[in-house]
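> So the sequence shown is numbered by full-length UniProt numbering: it starts at 1 and just counts up by one.
What follows is a single structure, and I will ask about it in a moment.
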Amino acid sequence: MVNLFLSEPKWNDVAHNSSNNINVILPLLNKLGSQIQSLVTHGARSEARLWLCSALSTISISPRKQLSIFMKLLRSKPRKMQFLSQLLTMMFEKRPRKLGSLLAKRSYILEKFFEGNPKRILEWFSEFAYDGGSDHKRGAKALAQFAFANRDICWEELEWRGKHGQSPAVVATKPHYLLDLDVQRTIENFLDNVPDFWSSNEFAESLKDGQILFLDTKFFIDLFIRFMYEEDMHDVWDVVEEFLREESFSSLTQHLLITLEERDLCRFLELLGNYFEPSIESWDSGDSSCWLGVVLSRYVDTESIDELLLLNSIINQGRQLLRLVRDENGNDEGELLKETMEEICRGLENDSSFYLILRELSKMKHIEVIKLLGLLSWTIHYRLSEECQTPDSWELLFRENGIEFRRSSDHSLLSYNGLSEESESDSDSRSHISKKRHKREKKKRRKKKKRAFDDDDDLGDDDLIGLHSISRSWLLSTDGFSATWTSVDLPEYIASIKTTVTEKESDINRLVKTILSNKNNRKKIIGLDTERVQKGRKLNKTVLLQLCDGDNCLIVQLPNEGEGEGEGEDDNLPLSLFNFLNLPEFTFVGIGINKTMIRLESEFGLTCKNVVEIGPATWNLTNMTADVKFRISTIVSTERPTNAILDDWEKFVLNKNQIKLAASNAYFAFGIGNILLDVFGF
């Protein structure tokens, strides 16, 4: 059985050969590291690079430092054209008005943009108002205003589709006549005979919103690169620097690092490492950026990212690495890797070996410590996934390692020896469950019992036992019995998720503080979603409120009105939640959020200061670039455990699929909201 090393060994029983085991295990761990590094860097390098870029995006540094890093990359030679193109594409999407204003100062340049290009001419100058008003748009507005203001010198250049032209006086009273203008021939005349139009205030004004950037993105990317490097325009560089300072580090790294050649990525890592001097004693084991900070602070003059790819794979991507290893089963490399892990596991069978290894690690350099601990952890992950294939094997593992557990189908606490502990200690551990919830659970069990017998009449006892075994899941003492774990999730339980499901005021207060202090969420966007259940024929009831800031998800189990009145303040939501929802600097986004807030106010008195609807009707796909469409499709296509919709959402202990679905719904809202607010600014 797998030893999880959760208890101190008896040091007086340490065998003499334990030190010999260390001399065997440490070289084996280094050998395993080399084998995994070879697998990751040769067989799945592109995928591993994406994993690393994702991990780097979790790091938090000051705007001044991130500006310094990215500006050094921009100013370095040779030019990084893919990097530049991606940066400018981001700026087009997120700051079109800033760049449009720069173009407006140099509007005369765009004369050549329209020369000999009927498609661009028609797209920019054809949007005259259809309603007979003067609300023309884009270039059409500029053309109309300039033509009226300068009618003495340019009115004759206007070309009309009818048999005769229109006079300024007639068009002034009937502006819809401009719909009869032959736009292409008119602009061609202006290109030949009215040079003042291209430097006019009217034309410059039409450029300021930046929408012209999307007529031909490649043209304007090339134009701004020329502004930056060939003409060294200071106002252009100022806008670039402002963007690099204000945009979140997470967004910049996720969008830009994938475009870098490996030598340039190494340079980025070196620059980033200059700003880290973390102490290894101050780690937060649940924060991937902590170990990255330690490694990067020592990442100097290194021309390879191979070791970083290894470290990130074993620490942050355990399940994905497991998939890669299993894909290699049957070939020589996979078999050698498996043999090495088996040798390590045999060496760890003696309790004291692991702790002597930890003592030995204290003498090593920090990066070596991180690597060896990561390899040990992932070896246990691999062994658990291989050996614990049945529910009974998991329960044996819990008992052997002193982990108290409950089967999620019942609420009796099982200790490591497997005996029920319906005692005061068990009662205390669940004292936060209100009497009202016990009553509700009891009532629901009575209602469901008859349904269960009716539905399962044709299933024998053996079938029922088999189904129970297959679907068994547990609550564990290691996380305070707060979530349900299945055999699929348990091997990766070491990598904790940042989702909290609670009804307790103290937990809600703590998570609200965590969300408020999250430096990664610079735009202060919160994804908001709810889960509802049917209460009777017509009444729907909201039972969960989910809030997500991209890094943390708070799932609030809402009080059930109408049951257990007069039992104290158990049903009162904390003031921190009311205050948080009404902070003016935060924007709460969701699908159908306006109706959601009406329900929440009606049922619980919850209101929200700033809400933005982000349903599909708001996506406006026709005005989106390919990159934005790809980002949205990536979020939309993310797999979610939708079968959990059919589960009981009122029960006090949610299963893992319910938690995943609830959290992913809120994260979906957060992700889509971030993109739409970036692109459209609403």
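Virtual Cβ for every residue (Gly too), placed ideally from N, Cα, C.
Taking DSSP as the reference, what is the three-state secondary structure of E247?
Coil at E247, not helix or strand.
> Taking only runs of the alpha helix (DSSP H) that begin and end inside the region 571 to 599, which ones reach a length of at least 4 residues, in chain order?
575 to 581
> Report the three-state DSSP secondary structure of C548 (helix, strand or coil).
strand
> What's the call for E404, buried or exposed, on a 16-neighbour Cβ count within 10 Å?
buried
> Determine contact between the region 62 to 73 and the region 387 to 406, defined as no fewer than three beta-carbon pairs at a distance below 8 Å.
no
> Around the C-beta of N674, are 16 or more other C-beta atoms found within 10 angstroms, so that it is buried, or is it exposed?
buried
> For residue 687 and F670, I'd like the C-alpha separation in whole angstroms.
In the structure as shown, the chain starts at 1 and stops at 682, and residue 687 therefore has no counterpart that could be examined.
> Over what stretch of residues does the beta strand (DSSP E) that includes W474 continue unbroken?
474 to 476 is the extent of the beta strand (DSSP E) around W474.
> Tell me which residue opens and which closes the beta strand (DSSP E) that R298 is part of.
Run containing R298: none; DSSP gives neither H nor E here.
> For the alpha helix (DSSP H) containing R49, name the first residue and the last one.
45 to 56
> Leaving aside the five residues before and after K98 along the sequence, list all residues of the same chain whose C-beta is less than 8 Å from its C-beta, in chain order.
M91, G210, V239, E242, F243
> Kindly provide the ranges of any alpha helix (DSSP H) runs that are 4 or more residues long and lie completely inside the region 93 to 126, ordered along the chain.
If we require 4 residues or more, the alpha helix (DSSP H) runs fully inside the region 93 to 126 come out as 96 to 105, 111 to 114, 118 to 125.
> Determine the DSSP secondary structure at L528, reduced to helix, strand or coil.
strand
> Using alpha carbons as the reference points, say which of L322, L583, L87 lies closest to Q254.
L87
> Three or more beta-carbon pairs under 8 Å between the region 40 to 51 and the region 309 to 329, yes or no?
yes
> Hey, would you say F146 sits closer than 8 Å to S200, going by beta carbons?
yes
> Give the straight-line distance between the Cα atoms of I25 and L4, rounded to the nearest whole angstrom.
17 Å
> Any chance the region 591 to 599 sits against the region 610 to 618, with 3 or more Cβ pairs inside 8 Å?
Between the region 591 to 599 and the region 610 to 618, the count of C-beta pairs closer than 8 Å reaches three or more; the two stretches touch.
> Identify, in the order they occur along the chain, each residue of the same chain with its Cβ nearer than 8 Å to the Cβ of G347, setting aside the five sequence neighbours on each side.
Counting only Cβ-Cβ distances below 8 Å, and skipping sequence neighbours, we find N21, V24, I25, L28, S353.
> Which residue's Cα is closest to the Cα of S517: S473, M233, T542, G550?
G550
> Measuring straight from C-alpha to C-alpha, what distance separates F578 and Q66?
35 Å
> A104: which of K208, I187, L476, L324 sits nearest, CA to CA?
K208
> What do you reckon, are the CB atoms on residue 719 and E93 nearer than 8 Å?
Outside the shown range of the chain, which is 1 to 682, sits residue 719, and nothing can be said about it.
> Let me know the secondary structure DSSP gives Q557 once reduced to three states.
strand
> Less than 8 Å between the C-beta atoms of P168 and W160, yes or no?
no
> In terms of DSSP beta bridges, what is E613 paired with?
G590
> Measuring only the C-alpha atoms, how far is D235 from L102?
8 Å
> Does the region 248 to 262 touch the region 45 to 57, meaning 3 or more C-beta pairs lie closer than 8 Å?
yes
> Using DSSP with H/G/I as helix, E/B as strand and the rest coil, what is K141?
helix
> Out of S602, F588, V543, which has the shortest C-alpha to C-alpha gap to W649?
V543
> Would you call the CB atoms of P574 and N509 closer than 8 Å?
Contact annotation: P574 and N509 have beta-carbon atoms nearer than 8 Å.
> Assuming contact is defined by CB atoms lying nearer than 8 Å, are V501 and I645 in contact in what I supplied?
Pairing V501 with I645 gives a Cβ-Cβ distance that is not under 8 Å.
> Rounding to the nearest angstrom, what Cα-Cα distance links I344 and N582 in this structure?
Distance between the alpha carbons of I344 and N582 is about 55 Å.
> Please work out which residues of its chain come closer than 8 Å, Cβ to Cβ, to V556, disregarding the five sequence neighbours upstream and downstream, and give them in chain order.
T502, E503, I508, L544, L545, Q546, L547, L573, L577
> I want to check one thing, is the minimum distance from the CB of L223 to the heavy atoms of the ligand GDP below 7 Å?
This structure lacks the ligand GDP; in fact it carries no ligand of any kind.
> Under 8 Å by Cβ, that's how I've got F148 and T625 pegged, so tell me the actual separation to the nearest angstrom.
About 35 Å separates the two Cβ atoms, so there is no contact after all.
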